[in-house]
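*Asks:* The structure that follows is given in the form of structure tokens.
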Amino acid sequence: MTGYAAATGEISSETGSYTTLWDLRSVNGRGLDLRFRLPDWLEGLEAALRRMLAERIKRGNVTLSLKLSRAEAGTPPRLNAAALEAAVAMVMAAEAQAEARGLGLAPMTAADLLALKGVVDSGPETVDQAALVAELLSRAGPLIEAFEATREAEGKALSGVITAQIDTIAALTAEARHAAAARRPDQIEALKAALARLSDVASGVEPARLEQELALIAVKTDVTEELDRLGAHVAAARTLLFADEPVGRKLDFLMQEFNREA
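Just so you know, we're using this note's numbering here: the sequence shown kicks off at 247 and counts up by one.
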């Protein structure tokens, strides 16, 4: 069953802001084949998503992609007071040593101090992976629901097409049954006439043997059994269309049986 869903969003936390782009799609498959394209640095995300999908999807070749981008521009810089005090102390110590040796140093500006490594924090370097994974999983739920909705819509459309075909088969079966019943008297008379002709020309053949052969011909021309099986297949197909389980293989087998009886 084919299906598709996509979603974009933003995640904001103390450890950073992110933009997300989800893509979930599937094509027909005999079993369930799950494939993922995810950020490899997020531990545990793939395993959790695999469980979520396997609980709700039973068949299909399914691919789930996630593009996660960190919005660095949205993180304001912060002054590291401790690092600034340490930097000022080092500058003063350097100036004192230079003065003791009779050397002059250019005056230090605020911009020079802020440019020193560690004085200004552009944002936390670490990421709370557990919190980020949990938030991503909460976003995956609605995505899977939207994905399932597209598969369900296609399933309903296909069910309508198959139902119409089954209705046609049922109507043709009923017409064939009526036609077979209507022609039965004519068949009986035709067989009697054939028996009379054979009796005239086949004087050396026992009448009982002729009657047996004609009876076999009558059985072969009787389509009641085939029509009964077609009716049973129609009923079975209708039941399968309302089943709460994968029925593709069973329907495929029924199609072969329909063709055999036809």
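No residue lacks a Cβ here, since even glycine has one placed at the ideal position from N, Cα and C.
(1) From the DSSP secondary-structure annotation, give me the bridge partner or partners of I257.
(2) DSSP beta-bridge partners for S315?
(3) Applying the criterion that 16 or more other CB atoms from any shown protein chain within 10 Å of the CB defines a buried residue, is R302 buried or exposed?
(4) Apart from the five residues on each side of it in sequence, which residues of its chain come closer than 6 Å, Cβ to Cβ, to V337?
(5) From the DSSP output, which residues share a beta bridge with N307?
(6) Going by DSSP in three states, V379 sits in which element: helix, strand or coil?
(7) Identify whether A252 lies in helix, strand or coil by the three-state DSSP scheme.
(8) Looking only at its chain, what residues have a beta carbon closer than 6 Å to the beta carbon of R283, apart from the 5 residues adjacent to it on each side?
(9) Smallest Cα separation from A357: which of A481, A489, L325, G387?
(10) Take every Cβ of the stretch 384-392, pair it with every Cβ of the stretch 267-282, and state whether three or more of those distances are shorter than 8 Å.
(11) Does R324 come out as helix, strand or coil in the three-state DSSP assignment?
(12) How would you call G262, buried or exposed, if buried means at least 16 neighbouring beta carbons within 10 angstroms?
(13) Just to confirm the assignment, what range does the alpha helix (DSSP H) spanning F488 have?
(14) Just the C-alpha distance for V306 and G277, rounded to the nearest angstrom, thanks.
(15) Can you tell me which residues form a DSSP beta bridge with V366?
(16) What does the alpha-carbon distance come out to for the pair A339 and V365?
(17) Please report the straight-line C-alpha distance between Q433 and D490, rounded to a whole angstrom.
(18) Going by CA-CA distance only, name the one from L359, G401, G348, A344 that's closest to E331.
(19) Please state whether DSSP places L437 in a helix, a strand or coil.
(20) Give me the Cα-Cα distance between K496 and I408, rounded to the nearest whole angstrom.
(21) Terminal residues of the continuous alpha helix (DSSP H) containing E292?
(22) Between which residues of its own chain and A333 is the CB-CB distance below 7 Å, once the five residues before and five after are set aside?
(23) Are the beta-carbon atoms of R423 and L473 separated by less than 8 Å?
(24) On the criterion of 16 or more Cβ atoms from any shown chain inside 10 Å, does F499 qualify as buried, or is it exposed?
(25) Rounded to the nearest angstrom, what separates R429 and M247 at their Cα positions?
(26) Please list, in chain order, all residues of the same chain as S315 whose beta carbon is under 7 Å from its beta carbon, the five residues on each side excluded.
*Replies:* Walking through what the data contain:
(1) One-based indexing of the sequence shown puts residue 257 at position 11. DSSP output for I257 lists Y264 as bridge partner(s).
(2) Against the sequence shown, residue 315 aligns to sequence position 69. Partner(s): T265.
(3) Mapped onto the sequence shown, residue 302 falls at position 56. Per the 10 Å Cβ criterion, exposed.
(4) As a working note, residue 337 is residue 91 in the sequence shown. Here the set comprises M354.
(5) Against the sequence shown, residue 307 aligns to sequence position 61. In the DSSP output, where bridge partners are listed per residue, N307 has V273, D279.
(6) As a first step, residue 379 must be located in the sequence shown, where it is residue number 133. In this structure, V379 counts as helix in the three-state DSSP scheme.
(7) One-based indexing of the sequence shown puts residue 252 at position 6. Strand.
(8) The residue given as residue 283 occupies position 37 in the sequence shown. Only residues of its own chain outside the window of five on either side were considered, and among them S311 have a CB closer than 6 Å to the CB of R283, listed in chain order.
(9) Position 111 of the sequence shown, counting from 1, holds the residue named residue 357. Looking at the Cα atoms, L325 is the closest of the given residues.
(10) yes
(11) As a first step, residue 324 is located in the sequence shown; it is residue number 78 there, counting from the start. In this structure, R324 counts as strand in the three-state DSSP scheme.
(12) Indexing the sequence shown from 1 puts residue 262 at position 16. Looking at its Cβ environment, which holds 16 or more other Cβ atoms inside 10 Å, G262 is buried.
(13) Working through the sequence shown from its first residue, we reach residue 488 at position 242. Premise fails: F488 is in no alpha helix (DSSP H) and is neither H nor E.
(14) On the sequence shown, residue 306 is found 60 positions in, with the first residue counted as 1. On the sequence shown, residue 277 is found 31 positions in, with the first residue counted as 1. Checking the displayed sequence, the identity of residue 306 turns out to be Gly instead of Val. Distance between the alpha carbons of G306 and G277 is about 6 Å.
(15) In the sequence shown, the residue the question calls residue 366 occupies position 120. As computed with DSSP, V366 is found in a beta bridge with L325.
(16) The residue given as residue 339 occupies position 93 in the sequence shown. The residue given as residue 365 occupies position 119 in the sequence shown. Approximately 18 Å, taken between the alpha carbons.
(17) Here residue 433 corresponds to residue number 187 of the sequence shown, with the count starting at 1. Here residue 490 corresponds to residue number 244 of the sequence shown, with the count starting at 1. The alpha-carbon atoms of Q433 and D490 are separated by roughly 46 Å.
(18) The residue you call residue 331 lines up with position 85 of the sequence shown. Proximity to E331 across L359, G401, G348, A344 peaks at L359, based on C-alpha coordinates.
(19) The count along the sequence shown starts at 1 and reaches residue 437 at position 191. L437: helix per DSSP, three-state reduction.
(20) Within the sequence shown, residue 496 is the residue found at index 250, counting from 1. Within the sequence shown, residue 408 is the residue found at index 162, counting from 1. Looking at the two C-alpha atoms, the distance is approximately 14 Å.
(21) Start at 1 with the first residue of the sequence shown, and residue 292 comes out as number 46. Segment 291-302, the alpha helix (DSSP H) holding E292.
(22) Within the sequence shown, the letter at position 87 stands for residue 333. Taken in chain order, the residues that qualify are L359, L362, V365.
(23) Here residue 423 is taken as the residue at index 177 of the sequence shown, counted from 1. Here residue 473 is taken as the residue at index 227 of the sequence shown, counted from 1. In this structure, R423 lies near L473, with their beta-carbon atoms less than 8 Å apart.
(24) Indexing the sequence shown from 1 puts residue 499 at position 253. That one is exposed.
(25) The residue you call residue 429 lines up with position 183 of the sequence shown. The residue you call residue 247 lines up with position 1 of the sequence shown. Rounded to the nearest angstrom, the two C-alpha atoms are 45 Å apart.
(26) To locate residue 315, count along the sequence shown from 1; it is residue 69. Taking S315 as the centre and dropping the five residues before and after it, the same chain places the C-beta of Y264, T265 closer than 7 Å to its C-beta, in chain order.
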